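Scroll down for the structure; my scribbles are underneath it.
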DNA sequence: AGTCAAACCTGGGCGC
DNA sequence: TGCGCCCAGGTTTGAC
């Protein structure tokens with residue numbers, strides 16, 4: 005569930021608190037999620053200092069001293085918490101204590117999340133970061149860019165929006181919201197989109213992601229910030245999770261279908277199907 | 001190249 | 001109360 009705006013929210017909160025901290029003790033409760041292994045994390049992290057925390061797509065990157073990099077992907081239900089709520093305590097899979105007494109917890113109900121620890125020259129290969137496409141916050145998404153990355157490809161709009169090797173960071177919720185904002189049906193064929201469509205799409209991608217960040221992310225079931233605080237963006241969603249409810253723009257009922265293997269929400273009247 | 005389904009997991013909501 | 005079933009959706013993998 006965490007997509008670019010949720011991950012960005014977490015990174016901003018961590019950045020405000022953790023850089024400069026030195027790892028002191030590491031407890032891993034689930035080895036499956038740690039790579040290359042929980043033992044490597046336990047043995048290599050203590051003594052290392054967090055130099056910087058940043059984000060690429062949905063990945064969180066901790067640049068550490070001694071040429072090490074720790075990478076975290078939250079996948080569906082992962083969370084990095086400074087203060088875990090009672091409910092989330094039983095899902096804590098790793099616990100990081102720093103020598104300044106600060107703590108960071110990795111909680112993950114469904115255990116899809118991953119934590120990697122590698123040398124700086126190998127983490128791009130080992131984590132999948134190397135395959136990521138452009139990050140829409142670091143690179144301006146405009147008509148030029150979309151023509152470049154979508155120009156020669158086929159397929160449905162939604163499946164391309166979800167493709168992390170093209171544009172990194174868009175997930176199911178924002179993909180639906182972006183399609184609505186652009187006035188395009190998610191099942192539209194990419195090869196049928198006009199220049200004007202791509203123009204609208206570019207604006208929609210930037211606008212939807214930035215608005216999600218402005219609202220501190222979207223909380224549907226599980227996402228919370230580092231202090232367990234819910235985001236506010238779910239109050240502003242136009243189509244996701246609203247099937248059967250009236251469209252805010254035209255009052256037609258929001259529809260739901262299965263597309264690219266995901267629940268897909270749209271307004272038939274506001275979103276044009278280009279086929 | 002694209003499409004699709006299954007796998008990885010578990011909590012929560014549903015019907016009975 | 002509780003069982004069985006389905007749903008959620010990020011990513012990888014493998015088949016067609």
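Numbering (the working numbering), first residue to last: 5 to 279. Where a beta carbon is used, it is the ideal one built from N, C-alpha and C, also for glycine. It should be emphasised that the depicted structure is a prediction, and the values quoted were computed from it without experimental measurement.
Extent of the continuous alpha helix (DSSP H) run through residue i
i           : result
residue 201 : 199-218
residue 162 : 161-165
residue 152 : 147-154
residue 130 : 127-131
residue 243 : Careful: residue 243 lies outside any alpha helix (DSSP H) and carries neither H nor E.
residue 15  : 8-19
Beta-bridge partners of residue i, as assigned by DSSP
i           : result
residue 274 : None, per the DSSP bridge assignment.
residue 260 : 269
residue 193 : 160
residue 250 : 257
residue 188 : 276
residue 138 : 171
Span of the beta strand (DSSP E) around residue i
i           : result
residue 111 : 107-112
residue 30  : 27-32
Sub-9 angstroms separation of residue i and residue j beta-carbons
i           : j           : result
residue 273 : residue 175 : no
residue 138 : residue 172 : yes
residue 208 : residue 279 : no
residue 217 : residue 12  : yes
residue 128 : residue 109 : no
residue 107 : residue 86  : yes
residue 29  : residue 100 : yes
residue 160 : residue 136 : no
residue 9   : residue 235 : yes
residue 152 : residue 195 : no
residue 105 : residue 42  : no
residue 242 : residue 222 : no
residue 121 : residue 60  : no
residue 264 : residue 166 : yes
residue 38  : residue 119 : yes
residue 7   : residue 113 : no
residue 206 : residue 150 : yes
residue 81  : residue 162 : no
residue 64  : residue 92  : no
residue 252 : residue 219 : no
residue 133 : residue 44  : no
residue 46  : residue 15  : no
residue 130 : residue 40  : yes
Just to confirm the assignment: which complete beta strand (DSSP E) runs, minimum length 3, are found wholly within the segment 40-122? 54-60, 63-68, 72-77, 82-85, 96-102, 107-112
- Task: Report yes or no: do the segment 201-220 and the segment 172-192 share at least 3 C-beta pairs separated by less than 8 angstroms?
- Result: yes
key: the segment 144-162 contacting the segment 65-72, beta-carbon criterion three pairs below 8 angstroms   = no
Note to self: Could you check whether the segment 53-60 touches the segment 19-37, counting it as contact only if at least three pairs of C-beta atoms, one from each stretch, sit closer than 8 angstroms?
What the structure shows: yes
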